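Undergrad: Mind looking over this structure? Questions follow.
Residue numbers (the UniProt record's numbering): 1 to 239.
Here it is, written out as structure tokens:
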């Protein structure tokens, strides 16, 4: 969590920034793995992973779309994008805010549930580190969003000045996937309970719970049998 976010804050490339921030996101997932099934750690991990995949794919789709139209990947070259393509700028901003974990987006509710499970399990140190690194990630995400929304001509790069926006009705697969991922990064967080129930019913957790329940039944049966059998002496005559 610490290493990924500290390296991400120094990057000038959007793709590298997203890659290193993903390392920090994996650290949050590890909290759910450590918690295990006792406090709903696995379910919270799967829920956050579903949100993270949509957030990350949405951000990557925005970056690829901008790169195809401008030929650049530098963070500073995104300055003033909102003046040329508000849809792309807002989509990227929403995905970044969701990755940072700001309410009321899906990333906030996913992190909140994951950290709460870790706190209940007594992982106070890891949860505190997760909260601090989330603040760091919000800082560099907000720096990018500030660049997107700037309207001063002296800060707008030639890449954005010569930017050509493709029509919204086009059947561009990148734009379609971007729209789907942006929706998945914003709306599902409001209805967390059904998503958590779906995560608990995944084949992995369902099979694991079945194995644990069958083990407990076997142990209970063995204990009952051992209690019902009378003690025997060394000759095996029970006298």
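From the three backbone atoms N, C-alpha and C, an ideal C-beta is built for every residue, glycine too.
Just so you know, these numbers come straight off a predicted model, no measurement behind them.
Taking residue 68 as part of the alpha helix (DSSP H), name the residues at either end of that continuous run.
TA: 41 to 70 is the extent of the alpha helix (DSSP H) around residue 68.
Undergrad: Exposed or buried, which one is residue 125 when buried takes at least 16 other CB atoms within 10 Å?
TA: Classification of residue 125: exposed, given that the 10 Å Cβ count is below 16.
Undergrad: State the Cα-Cα distance for the pair residue 62 and residue 128, rounded to the nearest angstrom.
TA: The alpha-carbon atoms of residue 62 and residue 128 are separated by roughly 31 Å.
Undergrad: Run through the stretch 87 to 171 for me and flag every whole alpha helix (DSSP H) of 4 or more residues, listed as ranges in chain order.
TA: Qualifying alpha helix (DSSP H) stretches, in chain order: 106 to 120, 124 to 149 and 158 to 161.
Undergrad: Looking at residue 21 and residue 32, is the spacing between their C-beta atoms short of 7 Å?
TA: Result no, Cβ atoms of residue 32 and residue 21 do not sit closer than 7 Å.
Undergrad: Leaving out five residues on either side along the sequence, give the residues of the same chain with a beta carbon under 7 Å from the beta carbon of residue 11.
TA: Around residue 11: 17 and 20.
Undergrad: Which of helix, strand or coil does DSSP assign to residue 214?
TA: Note that residue 214 scores a pLDDT of 44, beneath 50, so its modelled location is shaky and nothing firm can be said.
Undergrad: Over what stretch of residues does the alpha helix (DSSP H) that includes residue 17 continue unbroken?
TA: That run of the alpha helix (DSSP H) goes 14 to 35.
Undergrad: Does the stretch 64 to 79 come close enough to the stretch 105 to 125 that 3 or more CB-CB pairs lie under 8 Å?
TA: Not touching, per the Cβ criterion.
Undergrad: May I ask you to list the residues that DSSP assigns as paired with residue 74?
TA: 13.
Undergrad: Excluding the five sequence neighbours on either side, which residues of its own chain have a C-beta within less than 6 Å of the C-beta of residue 270, listed in chain order?
TA: There is simply no residue 270 to check, as the chain begins at 1 and stops at 239 in what is shown.
Undergrad: Of all the options 13, 40, 158 and 2, which has the alpha carbon lying nearest to the alpha carbon of residue 120?
TA: Cα-wise, what sits closest to residue 120 is 40.
Undergrad: Could you compute how far the alpha carbon of residue 6 sits from the alpha carbon of residue 49?
TA: Between residue 6 and residue 49, the C-alpha separation is close to 22 Å.
Undergrad: Could you name the residues of the same chain whose beta carbon sits closer than 8 Å to that of residue 174, not counting the 5 residues immediately before and after it, in chain order?
TA: Only 61, 64, 65 and 68 meet the Cβ criterion.
Undergrad: Check residue 79 in the structure and name its three-state DSSP category.
TA: It is coil, neither helix nor strand.
Undergrad: Let me know the secondary structure DSSP gives residue 238 once reduced to three states.
TA: Legend: pLDDT at residue 238 = 44, less than 50; position of this residue unreliable, value from coordinates given subsequently. Reduced to three states, the DSSP call for residue 238 is coil.
Undergrad: For residue 162, which option in 79, 51, 24 and 4 has the closest C-alpha, if you only look at C-alpha atoms?
TA: Comparing Cα-Cα distances from residue 162 to each of 79, 51, 24 and 4, the minimum goes to 79.
Undergrad: With a Cβ-Cβ cutoff of 7 Å, do residue 133 and residue 77 count as a contact?
TA: No, the Cβ-Cβ distance between residue 133 and residue 77 is not below 7 Å.
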